[in-house]
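The numbers in the sequence shown follow my numbering, run straight up by one, and end at 730.
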Amino acid sequence: MDIDQIFKNNKQWVEKNLNLDPDYFQNLSKGQNPELLYIGCSDSRVTAEEIIGAKPGEAFIHRNIANMVPNTDLSAMSVIHYAVNELEVKHIVVCGHYYCGGVKAAMQSADMGILNPWLRNIRDVYRTHKQELNSIADEEERYNRLVELNVQEQCINIIKTSDVQKAYRKRGITVHGWVFDIHSGKLIDLKIDFAKVLEDIMEIYRLE
Ligand code: CO
């Protein structure tokens with residue numbers, strides 16, 4: 523991507539928005555009130571705002587390799603804290619995607635340097651769901667299922683936080699697990715039944 527082109531694109535974008543509404547940026551500068559926190563992959567093909575049709579101000583976005591929510595990751599935890607307590611978002615979405623390079627890398631026996639501890643979180647997802655995953659003979663199908671289970675486990679990591687537990691009791695907040703299907707462009711709601719998934723284990727993670 524040409525750097526000069528980026529500034530030309532930006533100029534056009536400013537003009538387009540000002541043509542539609544002369545106060546567009548004036549209004550944007552007043553503040554944000556998004557109802558959605560979206561956590562997705564850094565993958566250049568999974569453009570958060572574009573795939574969900576969010577306009578500026580509508581979604582608080584956090585992206586990293588393989589849409590992870592490690593409970594010790596200061597960046598992800600800060601984003602959740604701010605989104606839940608200050609912005610008071612109503613929904614938190616973890617959106618994975620098929621053919622995720624991070625998930626693929628975690629399925630391989632390779633030394634990835636600094637990525638090792640990051641990808642180990644995905645290896646742990648594999649270990650947790652080893653029985654189901656190993657029963658899938660087709661490698662691509664197994665890979666896709668790991669993408670889905672990784673989304674599920676990252677949603678559970680969100681539910682483990684005190685911020686989300688408190689907000690759930692105080693005002694209700696919904697966690698959603700989605701997958702973006704790069705083949706079709708469609709968003710798939712995994713419709714995870716967290717009450718069922720956490721049935722026997724929520725007592726371990728309850729913080730109040
Ligand atoms: Co990815």
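Cβ atoms here follow ideal geometry from the backbone N, Cα and C, with glycine treated the same way. None of the values given here were measured: they were computed from a predicted structure.
Check, Outcome
"Identity of the residue in Tyr-546, Asp-646, Val-669, Arg-728 nearest Phe-702 by Cα", "Val-669"
"7 Å Cβ cutoff met for Pro-592 and Asn-643", "yes"
"Chain-ordered residues, beta carbon under 6 Å from a heavy atom of the ligand CO", "Cys-563, Asp-565, Ala-588, His-619, Cys-622, Gly-623, Gly-624"
"Buried versus exposed, by CB contacts within 10 Å (16 or more), Ile-679", "For clarity, residue 679 is Asn in the given sequence; the question names Ile instead. Flag for Asn-679 reads buried."
"Chain-order list of residues whose beta-carbon lies under 8 Å from that of Glu-610 (same chain, five-residue window excluded)", "Ala-689, Arg-693"
"Bounding residues of the alpha helix (DSSP H) (the contiguous stretch that carries Tyr-665)", "661 to 681"
"Contact check, Val-697 vs Ile-710, beta carbons under 7 Å", "no"
"For Asn-656, the residue or residues it bridges with in DSSP", "Paired residues: none, contrary to the question."
"Nearest candidate by alpha-carbon position, reference Val-616, set Ile-574, Glu-537, Glu-725", "Ile-574"
"Beta-carbon proximity of Gly-618 to Val-686, cut-off 7 Å", "no"
"Local conformation of His-651 per DSSP, three classes", "coil"
"Assigned secondary structure, Gly-562 (DSSP; H/G/I helix, E/B strand, else coil)", "strand"
"The segment 656 to 664 in contact with the segment 558 to 575 per 3-pair CB rule at 8 Å", "no"
"Assumed close pair Asn-589, Gly-562 - CB separation to whole angstroms, cut-off 8 Å", "5 Å"
"Whole-angstrom C-beta distance between Gly-699 and Ile-723, which should lie under 8 Å", "No, Ile-723 and Gly-699 are not in contact; Cβ-Cβ is about 17 Å, not under 8 Å."
"Host beta strand (DSSP E) of Gly-618 (start-end)", "613 to 619"
"Bridge partners - Phe-582, DSSP secondary structure assignment", "Leu-559"
"Coil, strand or helix - Gly-699 by DSSP", "strand"
"Beta bridge counterpart(s) of Leu-709 as assigned by DSSP", "Phe-702"
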